[in-house]
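Student:
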Amino acid sequence: MTLERTFIAIKPDGVQRGLIGEILSRFESKGFKLVALKQLVPTRELAEQHYGVHRERPFFKGLVNFITSGPVVAMVWEGEGVINSSRKLIGGTKPLEAEPGTIRGDLAINIGRNVIHGSDSPETAVYEIGLWFQKSELNEWKPADQTWRVED
Ligand code: IDP
Ligand code: MG
Numbered sequence: 145m146t147l148e149r150t151f152i153a154i155k156p157d158g159v160q161r162g163l164i165g166e167i168l169s170r171f172e173s174k175g176f177k178l179v180a181l182k183q184l185v186p187t188r189e190l191a192e193q194h195y196g197v198h199r200e201r202p203f204f205k206g207l208v209n210f211i212t213s214g215p216v217v218a219m220v221w222e223g224e225g226v227i228n229s230s231r232k233l234i235g236g237t238k239p240l241e242a243e244p245g246t247i248r249g250d251l252a253i254n255i256g257r258n259v260i261h262g263s264d265s266p267e268t269a270v271y272e273i274g275l276w277f278q279k280s281e282l283n284e285w286k287p288a289d290q291t292w293r294v295e296d
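Position in the sequence shown counted from 1, then plus 144, gives you the working numbering.
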């Protein structure tokens, strides 16, 4: 497996509900490496680019209104298999159907308020990381306990 990076964002509902720490800890405890993090209120342009594939869907306008309604915590996490694994940690799109133990399964009830976003493929991850972050905002570093999580 190759080292991957994925884009994760805590949506405005997760921030407003005080779930930042809870959500960060799931990725941190799993063992993935945080390489970028910032809080911002996305512009409409950014939100529309981010959700561009959903442009024709009936929920698109509401989704853009929601995602631009307040601060979002944008992150990049790194590790082997981090893209697929993050989607598993996050759980299904519909929180009532998301498995217990997942972020959405444990912390949300509504599809329009499902607290977190995660890239769904390597191509999407590259696109989304480039959209939300400058290269200079991505930190290269080696966690002090790396050898206790990853074999050489
Ligand atoms: P994902 O976030 O699990 O990848 P997508 O199908 O890519 O799910 O949809 C992107 C986001 O659009 C969802 O997380 C959710 O916030 C919103 N969304 C998707 N379907 C609906 C819907 O039917 N009603 C309202 N919002 C929706
Ligand atoms: Mg998606």
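Note that beta-carbon positions come from the ideal geometry of N, C-alpha and C, so glycine has one too.
Write down the C-beta distance between E222 and K177 rounded to the nearest angstrom, noting that I regard them as a contact closer than 8 Å.
Tutor: Mapped onto the sequence shown, residue 222 falls at position 78. Mapped onto the sequence shown, residue 177 falls at position 33. Right, their Cβ atoms sit about 5 Å apart.
Student: Within its chain, find whatever has a CB closer than 8 Å to the CB of E224; leave out the 5 residues flanking it on each side and keep chain order.
Tutor: As a first step, residue 224 must be located in the sequence shown, where it is residue number 80. Excluding sequence neighbours, E224 sits near M145, T146, L147, E148, V294.
Student: Rounded C-beta distance between I183 and P215? I'm assuming under 8 Å.
Tutor: The residue you call residue 183 lines up with position 39 of the sequence shown. The residue you call residue 215 lines up with position 71 of the sequence shown. Checking the displayed sequence, the identity of residue 183 turns out to be Gln instead of Ile. About 5 Å; that satisfies the 8 Å criterion.
Student: Our contact map puts I247 next to I167 with C-beta atoms below 8 Å; I'd like the distance itself, whole angstroms only.
Tutor: Position 103 of the sequence shown, counted from the first residue, corresponds to residue 247. Position 23 of the sequence shown, counted from the first residue, corresponds to residue 167. 6 Å between Cβ atoms; contact.
Student: Tell me which residues share the same chain as N258 and place their Cβ nearer than 7 Å to its Cβ, disregarding the 5 neighbours each side in the sequence.
Tutor: Sequence index remark: in the sequence shown, residue 258 carries index 114 (1-based). Counting only Cβ-Cβ distances below 7 Å, and skipping sequence neighbours, we find T237, P239, R248, A252.
Student: According to DSSP, what are the bridge partners of Q183?
Tutor: Numbered from its first residue, the sequence shown carries residue 183 at position 39. The partner list for Q183 (beta bridge, DSSP) reads V217.
Student: Around the Cβ of E272, are there at least 16 other Cβ atoms within 10 angstroms (buried) or fewer (exposed)?
Tutor: Counting from one through the sequence shown, the residue named residue 272 turns up at place 128. The residue is buried, with at least 16 neighbouring Cβ atoms inside 10 Å.
Student: Return the first residue and the last residue of the alpha helix (DSSP H) that R231 is part of.
Tutor: Counted from its first residue, the sequence shown places residue 231 at position 87. Run containing R231: 226 to 234, per the alpha helix (DSSP H) assignment.
Student: Using the Cα positions of M219 and G262, report the straight-line distance between them to the nearest angstrom.
Tutor: Counting from 1 along the sequence shown, the entry for residue 219 is found at position 75. Counting from 1 along the sequence shown, the entry for residue 262 is found at position 118. Using only the alpha carbons, I get a separation of about 10 Å.
Student: Select from S230, T268, A242, W276 the residue whose C-alpha is nearest the C-alpha of R172.
Tutor: Sequence index remark: in the sequence shown, residue 172 carries index 28 (1-based). Here residue 172 turns out to be Glu, not Arg, going by the sequence shown. The option with the nearest alpha carbon to E172 is S230.
Student: Does ligand 1 have even one heavy atom less than 7 Å from the beta-carbon of L275?
Tutor: If you number the sequence shown from 1, residue 275 lands on position 131. No, ligand 1 has no heavy atom inside 7 Å of this Cβ.
Student: I'd like to know whether the C-beta atoms of E281 and A180 end up nearer to each other than 8 Å.
Tutor: Indexing the sequence shown from 1 puts residue 281 at position 137. Indexing the sequence shown from 1 puts residue 180 at position 36. Yes, Cβ-Cβ distance for E281 and A180 is below 8 Å.
Student: Compute the beta-carbon to beta-carbon distance between T212 and P186, rounded to the nearest angstrom, for a pair I have assumed lies under 8 Å.
Tutor: In the sequence shown, the residue the question calls residue 212 occupies position 68. In the sequence shown, the residue the question calls residue 186 occupies position 42. Yes, T212 and P186 are in contact; Cβ-Cβ is about 5 Å, under 8 Å.
Student: Among the residues of its own chain, which have a CB less than 7 Å from the CB of R170, if the five just before and after it don't count?
Tutor: The residue labelled residue 170 in the question sits at position 26 within the sequence shown. Hits under 7 Å: L233, I247.
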